[in-house]
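In UniProt numbering, the protein residues as written are 1 to 934.
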Amino acid sequence: MAGELQGVNGSVEKIYTASGQPSVGDEERAIRKRLEQTSDGDTRLALLISLVQDYYNADDAAGAMGVLESIVYDGQISPGQRSLTASGLAIAYAVQNDFVRSQRMVNQAKKLADQTSAAELETLPEEPAYGYLSAEAELARRALNQHDTALFKVREAADLARKNLDDPSLSEHRHQEAANQLLDEVDHLVRLQTQNNRRTEALNYANGMLWDIDHDPRLKPTPSQRARVEVAMSIALMSNDDYDGALAWIDKAIKGYQDAGVLPYSFTYADALRMRLMVALATNRLADFKADADGLEYAASINPVAAKTPSSDERESVIFGTQGNWSAAESKLSRVLAYNLKGQGAQSPFVKYQSAMLMLYRLEDPEKKVSESEIARYVTPMLGQNDDWDGSSTAGAYVEDGALAMCLSRLMDDGAEGQALAFRIAELFHMNATQGAMSDGAARLAAVTPELRSLVEREQMARRAQNIERMGLSGLSTRLAKVDTENTGDKGSAIASVKDAERAMNASAEDLAALHEHINKQFPEYRQLVSPAVPTAERVGAALHSGEVYVDFYVGRDATYAFVVNAEGSLHATRLDVTRADLRKKILTLRNVFDAGVPPRKAGELAGFDTTVASDLYRLLISSIQPDLEGATTVYIATSGILSSLPFNVLVTAPATDLANAHWWIARTMPVRIPNAAALMLARSHPAAHAGEALIAFADPSFNGRESTTIAVPPVDRTPARAFPVDASTASFDYHRVAPLPETLDEATSIAKTLNASEHSVLRGTSASRSEVMKRNLLNDRVVLFATHGIVAGEVPGWHKAGLALAYEGNGLPDSVLTADDIVTLRLNADWVVLSACNTGLVTGNAGDAMSELSRAFFAAGARSILLTQWAVESRSATEMTTGVFRTYASDPSLSKAEALARTERDMASGKDGELYRHPYFWGAYVLAGDAAR
């Protein structure tokens, strides 16, 4: 396979690295003679390792591997050492595409690991289980094209290492082994996460490891291990469309390797250079990094491992690109891409990232005018189709986002058809930001739905069978070509074998398509989770009601793009003259007053709210599209990344010196958030609510697991505490320290009274738990309220999901947080889901979006709309806001949800609830997501 070498440990690199000495003969005879004279395992191991080194020096990899195999089968040597050797060989054979031998070595490694004693584990440089899990991952990727299985195996190794690190009964030696496993494999794991389209998960994991190396004294990272974590962060950012951030981290990593004395021809150093070249390609700056291309070529000339990854064709294509020889770059890359496409299919992450590289070569070639149809051929397969879909959930790491962004920019100059395709690319960016969580949710949904589980298992088996048939067909085609060119063998037989393989391949493709069609008809929500189709502007318009407009913002490195779709399906696309860096700076400034968590104390004062910045953001983002919004009472806004942190409802149309004279944008229309257009269409596809019960509420959860005797807490002007106080001196989070929320009980009971719900509709304390939510039938509840903290991935050490903190159930975060993949499995018939407390709408602004993640999950479960908060709310105003929304909504049957929220926010902003509450800190936190109609 012409792809990447991942999970390369030192022993595997040595198998391919030799100094070129001519002969082993005399040394081997001497060593063999000494082996005959000893049965001591340690002595035999030392002798055989010295013989392996002699083969390395003689540039005889096959001889070295033969000796290593003799170690595996030498019963005098300890099982643990033999297991580690077998794992290294399994990876090496997988790299050579010798999958039969690789599997044999994996089997040996696992068997020998089971025989390894606790005493020997104290002497080994690595836990045998870490080794064979890495080998299984490499074999799954290369032999079976199963990148999801590879990720599962590497995750399993990381989870085992984390468990061992946290086990106080293990020795310091075992703890250090575990730490080394986490540090040495971090870039491998992040790479696999991105290749499986788990971009946000990759970013959160890399962020978590960066936190750990600075705060967890057990890790003890070496300078080169620290640099490896920085490489992982760069890879994660590349796959989250943040190439400026990726460049900063890869620069830091390369400097770290240099300071640590890492050899410039080592695979580790060469891979870092390659990652920097990928960033350069994605940002049209290859010519600035010729020195890195020279360094990559130098490493390949000395180190065969560096020569194999990337393949010589891919490496040479990048070198040509740095020289501006785009036609040669395209020619070289096309060859390896065709090879991988034939052997692995279009859904391989290797094919996807190399396809992105090829598109970038064409786009960056000044002599070539890439047509709209060429871009469409590249982009359209990623957008999904209604009749068939891709269940593989893979992505092209590194440069795919760069290629998409450059395509979007180019299409903006290609008229209406080009802009229509650019709109769908922008939608794809938003969809990808949360796709990993949706895939987890799909898996959970299948697990609890027997008929769906059976269909999904059949789909996975069919997809894997197709992978095997494709690789077999590729091998037969290669053999036929060899027979044809060398005029050897039975050509007729070879042709017949190829035709038989093609028929089998076509039949499996038909079976897979039929399964997809069946799943799509029987379980459309599953298909929307695992592989949602990106709708056209016309389809989005058809889903809109009168008085509604849909706006998609994509924030690029150098410009921002706005796409406005009205109810007639017409699209207006425009380029806005504001960069991502500029928006980040202004949004952080605007949010400062809200994120500080300190409510204003004096009526009428701005208290840090910057009306100039609020009006600047309106001018930069809204003013140029305002004519398209005239007459609209509801504006659906889809974003991702930093723009997800912008509270659009606090924008003003002009600067103001005081709140009484502020001209709020919400006076004209009401912004409603939506993860993407597909999510709006999913929310709108649910039938109108016919639930019999008014409310089910989960409030004031017991984060310490003890039941409170307090009945209710009167609303007070309470300053919110930090929800999840993190102690930087500890490596784990104590769930008992979650800030309690006694005031949410009053809010929940007030909403219950407003809705005329029964007193039993509010669950609190230990009853407000994840297990209680999961076991309840929520189909008969019109309003589902979670009055609790939202937790963002990466907010506390070791936590990588978005969720809702509920009552403590014994293990803290793992069993007490209702996650997005939990939510997908709920069956809802809710007109409203309310997430009311601290930060349930807070987003990281890096690339993932916790609000979008939770929203998509609730829509998939059957919710039509969600009311949530964007920062820590003050308790008295929170009660006024939420009860006010439901009171207003109930009082006028003609009002939409958006209009009910708009009236409530406008009333508070105008001073009807008191002069203090004019400040947007109190009312601006609340945002509606989903179907905002009645």
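Ideal placement from N, C-alpha and C gives every residue a C-beta, glycine not left out. Since the model is a prediction, treat every value here as computed from it, not as a measurement.
query: Rounded distance between the beta-carbons of Asp700 and Leu745, thought under 8 Å; result: 4 Å
query: Lys585 classed as buried or exposed, judged by whether at least 16 other C-beta atoms fall within 10 angstroms; result: exposed
query: Beta-ladder partner(s) of Tyr554, from DSSP; result: Tyr561
query: Which residues DSSP lists as bridging Trp664, in chain order; result: Val652
query: Exposure of Gln21, with buried meaning 16 or more beta-carbon neighbours within 10 Å; result: Low per-residue confidence applies at Gln21: pLDDT is 44, beneath 50, and the placement is therefore not dependable enough to give any value.
query: Whole-angstrom distance between Pro740 and Glu809, CA atom to CA atom; result: 15 Å
query: Supposed contact pair Val72 and Leu89 - C-beta distance, whole angstroms, cut 8 Å; result: 7 Å
query: Spatial neighbours of Ala185 in its chain, beta-carbon cut-off 6 Å, leaving aside the 5 residues before and after; result: The amino acid occupying residue 185 in the given sequence is Glu; Ala does not appear at that position. Correct list: empty, nothing qualifies.
query: Nearest residue (CA-CA) to residue 957, options Leu183, Ser224, Pro223; result: A question about residue 957 goes unanswered here, because the residues of the chain that appear run from 1 up to 934.
query: Min CB distance Arg737 to chain B below 7 Å; result: The structure shown has no chain B; it contains just one protein chain.
query: Cβ-based burial, Val448 [other Cβ within 10 Å; buried from 16]; result: exposed
query: Residues near Ile254 in its chain [Cβ-Cβ closer than 6 Å; skip 5 each side]; result: Ala272
query: C-alpha gap between Gly418 and Val833, whole angstroms; result: 38 Å
query: Terminal residues of the beta strand (DSSP E) in which Trp211 lies; result: From DSSP, Trp211 is part of no beta strand (DSSP E) but of the alpha helix (DSSP H) over 199–215.
query: DSSP state of Tyr926 mapped onto helix, strand, coil; result: strand
query: Val817: first and last residue of the uninterrupted alpha helix (DSSP H) it sits in; result: Counting along the chain, Val817 falls outside any alpha helix (DSSP H), though it belongs to the beta strand (DSSP E) covering 817–819.
query: Which residues DSSP lists as bridging Ala699, in chain order; result: Arg764, Ala787
query: Bridge partners - Asp781, DSSP secondary structure assignment; result: Glu693
query: Own chain residues within Cβ distance below 8 Å of Gly75, not counting five before or after; result: none
query: CA nearest to the CA of Gly131, picked from Thr123, Met105, Thr149, Asp148; result: Met105
query: Rounded C-alpha distance that separates Thr222 from Ser767; result: 47 Å
query: Nearest-angstrom beta carbon gap, Leu512 and Ala573 [assumed within contact, 8 Å]; result: About 36 Å; that fails the 8 Å criterion.
query: Segment contact flag, the segment 547–557 with the segment 420–428, C-beta cutoff 8 Å, min 3 pairs; result: yes
query: Of the listed residues Ala280, Leu358, Arg464, nearest to Gln347 (C-alpha basis); result: Arg464
query: Rounded separation between Ser629 and Val635 - CA only; result: The sequence given here has Leu at residue 629, not Ser. Between Leu629 and Val635, the C-alpha separation is close to 7 Å.
query: Opposing strand residues paired with Leu183 [DSSP bridges]; result: DSSP lists no partner for Leu183.
query: Rounded separation between Asn107 and Glu874 - CA only; result: 59 Å
query: Inter-stretch contact (C-beta, 8 Å, three-pair minimum) for the segment 56–63 and the segment 77–91; result: no
query: Inter-residue Cα distance where the pair is Asp166 and Val262; result: 30 Å
query: Inter-residue CB distance, Ala501 and Gly472 (contact presumed, cutoff 8 Å); result: 6 Å
query: Span separating the alpha-carbon of Glu915 from that of Leu621; result: 29 Å
query: Nearest to Leu445 (by Cα), restricted to the options Gly911, Ala860, Gly25, Ser891; result: Ala860
query: Alpha carbon of Pro304 to alpha carbon of Ala94, nearest angstrom; result: 15 Å
query: DSSP-derived helix/strand/coil call for Ala113; result: helix
query: Other residues of its chain near Ser748: CB distance less than 7 Å, five sequence neighbours each side excluded; result: Contrary to the premise, residue 748 reads as Ala rather than Ser in this sequence. Here the set comprises Ala697, Ala699, Val762, Leu785, Ala787.
query: Segment limits, alpha helix (DSSP H) that includes His147; result: 147–166
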